[in-house]
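The block underneath contains the structure these notes are about, expressed in structure tokens.
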Amino acid sequence: MYKTRKHFKVTSSETNGIYWRRVELTDLPKLKKMTNKESSELFGVFDIARVITDNPLSLCQVNPNGKITVFISLSDRPNVSCIASDNWTEWFNYFYDLKNVELNNTLFINVLLFRCVDSLIHLPVLLETVYVQIPETKNIILIKPPGTKICAEIYLPFSTLSAKSVSIDPEFGCPEIMYHAREFSINKINLRIAEVDDFIDLRAYLGHRLDFLDNFYGEYSLAKILEFPGEDRINLVPNVKVNGLITLYTNLDYPFLDSVFDLYQYTGLIELKNEKNKTTKPKSILRLATDISRMMEKANISNIMSEIATNVQYEFISNQFKQLTDKTMKPMKQFFQSNILQKDSDTFSVKPESPLQLSTTTLNTSESEKKMPFFKEIHNTENKNIIKDFLKFQDKESKKANDMSYYVSSSYDSSENITFTKIDYKRTAFMIELMLIDVDEENKATWDYLISIFIYFIEFPQYEYCLMNLHTIATPPELKKFFCNATLKPNRTYPMGLLYILHRSFLTGTFSCVLVTKEHLELMELMIENHPLKHVISNNISKSVFEDTRYKTYIFQCNDQPIGYCVIRLNDEIKFLNNYFDVACYVYPKLARNHMAVLLNMDMQRTFIKKSRGLLKFVMEYSDINCLFYKLYTDITIMEEYELSYITEIKELIPVKPRLRIQYDNENVSGEHQKFALFHINTRLCSTQTLSIDAKIVVVGASVVALSFLESLLFNPVSYYIRFGNIVLISDCGTPYQLTLSDLEDRMIPKISHFNYEYMISMGFKSFVDVITGTVTAINKADKCVTVNEDEQVYYDYLFLFYGEQFGYTAEENETKPQNSIESSDKNNKLENLFLLNSEHDVTHAFKYIESVKNNEKDIVVFGKYLGSLTVINVLLENNIDGSRIVYVETHAKKNIPFIANKFIVNAVYNELHKQGVRVYKKSVFEKFTLNGDRTRIRKVTFTTAVGDALLTIDCAAVFWFDQKYISKVNWFTMLQSALKFDGHLVVNTSFETNIEFVYAAGPMARFMHNAYFVVSHHMYYSRLEIGARVANVLMKRLGIIEDDKSNDAYARPLFEYCQFPGKYNYFHAVIPVLKSLKIHASKLSTGNATDGYFEILVDNNGYVLSLSCYSNKDIKYLNLINLCGKHVNLFNDMMYRFKMNSIPCFFDYFNQSWSYPLYSNKFWELLDETKLKRDNKVLCYYIKFISRINLFSMYKQLIKKFLCCDDVATLMSELKVNTISKLSRSPYLDRRFDQLYGEKLNTVLMNFVANNVDDFPMFSHTIDQRKTEDE
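Residue 1 is where the sequence shown starts when you use full-length UniProt numbering, and the numbers rise one by one after that.
Right, dumping it as structure tokens:
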């Protein structure tokens, strides 16, 4: 399913590998070659780059050889400029009598280019695919101006219409309309009541789709459903071809739905039959998603935890902001709650079967509390399996009058009497229980089926909503993409799946957009009345109407009724945004300048959120812009300062990935601006509906591997229409990197990744991930759930275990530490002066304590051979603690604890420690602690030194402990009890799968199964960032989002550490994967010394950089240098030759020259993947010579396709004046001309690269200007 949306893949058997995909800006050179005189006459003079950027659908047809053969651009504007874009419907109705052509159901072919007419044979398939993927589209039109010619092959799928006999504009003439309608490809579906005789046809068409019914209910279950549908259940089938079955249920359990899901935002879904004293607002004002007043009342009823009460109004704006504060898992102590406002002395319940009446019953709490099951108990006993019980779900007996299952109680005081009121709900919705469609027709017919269902209920207008209760697996996208996902109420868990909601008007309504003027101000006041940031929005609206023309406010309408609004501000900051975010992935920066705006405020009725993109397209067209950006700040005061508000439609926008910027001299990489997350939408992508992957993904652990995994999911290759909407992160400390650390605090822990506080903000992490603070204590593989804090269950579809290793200790007073301990820092550390720096919270706590012992005369002990030990000593020295008070006690080296990898730098560091007066004891072993009287502080610590096994006892003020990293004891027991294969490490295959289905694992505590592919199996020898990205690829391939997870590709991303040592010397070390465990012959290239800075490069015999080691008291641009590791030295500007000639005095200065900066851009390495390097070409020459001698011309042809294009071979043969390949290979001028030819190509490619990224390389701007002058 996802392949269709990604590539517009053709499924016909006669396509032979030909498929359609969206056009990228990188295709421009190929498309320009396809333009000709005929296309210019037919479509006028056009700029292909502008067409790609502006038009909603720009597609290209690719043949099996990867060449573009057809380009088509579809838009909702006519391709003839003289036809006004705002009244073309009148033009069509008047001249051509096309009554069914409307603004919201017609697309025009603005550009159509092709290499040869034979390529157009697949054009009808594309048109059908457009109808399928954009169901609102009913017509596709190409206008042929008078006097232009068009080939016959284009005419084939279209009907031709000529103008009526009326006066025609003499200048323009009589254009010819080439018309294609949805009915040409997809027949409209009418539904009828199913009969028993339909059993045979359904069996024939549905086939294996009925297997699950047969497995649970037997082979004749379908016949029973048709013959005995039951009360309030309707079976519908197509009227002509009986190839689908829809089963609907109309007597829904409204109290149950109202108690579990937040349905208040869906106007008219939950209503009482008799609501007295109800405040009625104007009918035109639909209930917006940010109507907070009612939500605040529900939040109070729900007993929201006191620690997050201050944020509750913002948590309810939409579900993506409910995690502004991490959740803490606690036992659930409240029962089902109704959406009805609660009285002081009454608790509401429901009696669905009773007539219109309100009755009260007084019950004693002590007598009834045994009858009142908790929420989770009801599901565990009644609704265990949604797949098995879905047909019976609505058939359960209604609750009796004295049944307390749906009663709401706000008090558990057994001495009080509680009054219960019974309320009847109106029937406002029906539920789809079954929707089975023939596989060949499903993609085409889903939209028509849904419309036909509502047509069937046209005589019952009260049924305005269609519901689905589906399991959380990735269900068919063609059905899901029209439905909204209902959010759970606070503190609710629902193991049975998700509730999807569809309103009648979503399918049949007419949507429009209106610019706000003075006449609309009263209406706007009503729409923003209950918004928590009303003053901000009101001020923006006032500016748009009275003061500033940059501000514009629009009202969204459905059938002329308001359903939402948005406020934008025109500006031109695309250059600034492109510097910090990867904006170029979605919009060409040059085209966006002067044609972009910032989305300030937006709110919409939740029922129509799926229409957000289409309505924003109206806004962009009316405002003459082609892209919108939305900035999300974490601080509400900053949002107000920048005139922004939280929007409900954020998940309909596209998250933009933050860029790892190139570091320049005298530049603050972090920037001075307030950090924000960026979201984007443009006119091209507005026609693409988002598809939410609702499979519940539970991630355990907030390690670097976990963050890399989540980053890859959030910014997946097709994030413009696929998003993950059901991700849960369970972590002991909640969301990582959430504290703002001072400069000294930040230097206490070595950096091993790019993740930090600012980057996490720029990711918009909490907009997509629910965070639960707690510890997983059990894994139930049968029910697919995990237990958090031994109490609450969190259900999953895919479980990912990213347990990390942490520093820990088990030593007690006067006891020797066991050598085989696995205890970690998870146990409560009651020793106030013992510090284990496992998180930023530990850092802030330790730093505060250091401030308090500055004037203490006792020593501070740093224990452990670890980079972090040296960084802590540096911070102590920088904090004005005398070096004579610092004792550095080294243990023996540990494999999983990094230390300095270069002997020269080790000696330099020890010399600096001696210079600072720090006492150093090597190869020592811990013996015991001696505590104070109340056993809360360490008074003394004893070690055995390497010199004569003497005991060393130190009176200490504090101890920093870095002895060993362990797996948490709780995690260890959890893995063993869950029957996971564990042999000291979790064992996984190359796809990171454990021995339990749907459970994956990765990180330092995991290893690959022993096989010939992996030289080293332990994950700790690979980059944590690359491991996390590989796990994400495995999941996305399993869900069909990508085709290749690259699980068998070699690991190439380097590991690195960056920190600051005593004396304020910066240290950086990068190494290719698994090098630490291998013995490889390599050459060392080094410059400098310990005082001025030392730089060492390790190069293997093939010329590849294996590792880098840097030590300097100046800033090290480590984000730049890490890109050099693993690359070939031939890319470094003849570095080897220059080094041999002693012309490189300092590598720091050498790699800071202008030529080196393209190497630090990730785009540069993507460019090299598409460019043939000199060394590859030289190798190819030897292949050519060898092959020509043995006359294996077939092999030669294969190699030519792989390395060299035929045009280049022909060029070489012509220039060297040879007529056979054998003579070409023997030519003495071949090598020199070969290098020259590809040198010219490489130079052209590099110049184009710099020109397209001149903002990243300002030092080359003069070269670009000179090149433009020469071209002119």
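Here a beta-carbon is modelled for each residue, glycine too, at the ideal position from N, C-alpha and C.
Around the Cβ of Leu951, a 10 Å sphere holds fewer than 16 other Cβ atoms; the residue is exposed.
In the three-state scheme derived from DSSP, where H, G and I count as helix and E and B as strand, Asn1089 is classed as strand. In the DSSP secondary-structure assignment, Pro658 is bridged to Phe581. By the Cβ-count criterion, His208 is exposed, with fewer than 16 other Cβ atoms from all chains shown falling within 10 Å of its own Cβ. The beta carbons of Ile1041 and Lys781 sit about 25 Å from each other, so the pair does not count as a contact at 8 Å.
For His1010, the three-state secondary structure derived from DSSP is coil. Look at the segment 744-782 and you find these whole runs of beta strand (DSSP E), each 3 residues long or longer: 769-773 and 776-780.
Straight-line spacing of the CA atoms in Arg233 and Phe973 works out to 49 Å.
Just so you know, the alpha carbons of Pro658 and Asn578 end up roughly 9 Å apart.
Taken atom to atom, the span from the alpha-carbon of Met1141 to that of Met1135 is near 10 Å. Phe863 is the residue among His531, Arg1030, Phe863 and Gln793 whose C-alpha sits nearest the C-alpha of Arg919. When secondary structure is reduced to three states using DSSP, Phe629 falls in the strand class.
Our two residues, Ser1083 and Leu1121, have alpha carbons roughly 19 Å apart in a direct line. Here the alpha carbon of Asn902 sits roughly 16 Å from the alpha carbon of Cys1125. Comparing C-alpha distances from His985 to each of Asn594, His1019, Thr648 and Gln977 shows the shortest one belongs to His1019.
Taking a contact as a CB-CB distance under 8 Å, the pair Ala1029 and Ser708 counts as one, their CB atoms being some 6 Å apart. The count of Cβ pairs closer than 8 Å, one atom from the segment 61-72 and one from the segment 110-119, reaches three, so the stretches are in contact. For secondary structure counted as the alpha helix (DSSP H) over 4 or more consecutive residues, the segment 176-261 holds these complete runs in sequence order: 199-206, 211-217, 221-227 and 254-260. For Leu678, the enclosing beta strand (DSSP E) begins and ends at Ala677 to Asn682. Between Phe926 and Asp963, the gap from beta carbon to beta carbon is short of 8 Å. The Cβ neighbour count for Leu107, taken over all protein chains shown within 10 Å, is at least 16; the residue is labelled buried. Between the segment 495-510 and the segment 540-552, the count of Cβ pairs shorter than 8 Å is below three; the stretches do not touch. Closest in C-alpha terms to His503, from the list Ile200, Gln265 and Ala908, comes Gln265.
Gly564 carries a strand assignment under DSSP once its states are collapsed to helix, strand and coil.
Excluding sequence positions up to five before and after Val700, its CB lies within less than 6 Å of the CB of Ile730, Val776 and Leu801, all in the same chain and listed in chain order. According to the DSSP assignment, Ile52 belongs to the alpha helix (DSSP H) that extends over Ile48 to Asp54. Annotation for Met435: the continuous beta strand (DSSP E) segment containing it runs Ala429 to Ile437. Under the criterion of beta carbons closer than 8 Å, Phe992 and Tyr1000 qualify as touching, at roughly 5 Å. Cβ neighbours of Ala1090 within its own chain (closer than 6 Å, five residues either side excluded): Ala908. Relative to Val132, the option among Ala49, Leu202 and Ala445 whose CA is nearest is Ala445. Taking a cut-off of 8 Å for Cβ pairs, the segment 33-41 and the segment 89-99 do not touch, as fewer than three such pairs fall below it. Check the Cα spacing between His841 and each of Lys784, Tyr737, Leu876 and Ile860: the tightest is with Tyr737. Taking C-beta atoms as the reference points, Tyr798 and Ile697 count as a pair closer than 8 Å. Distance from the CA atom of Asn601 to the CA atom of Leu103, rounded to whole angstroms, is 26 Å. Following the DSSP letters along the chain, one finds Arg939 inside the beta strand (DSSP E) bounded by residues Ile938 to Thr944. Here DSSP, grouped into helix, strand and coil, assigns Leu739 to coil.
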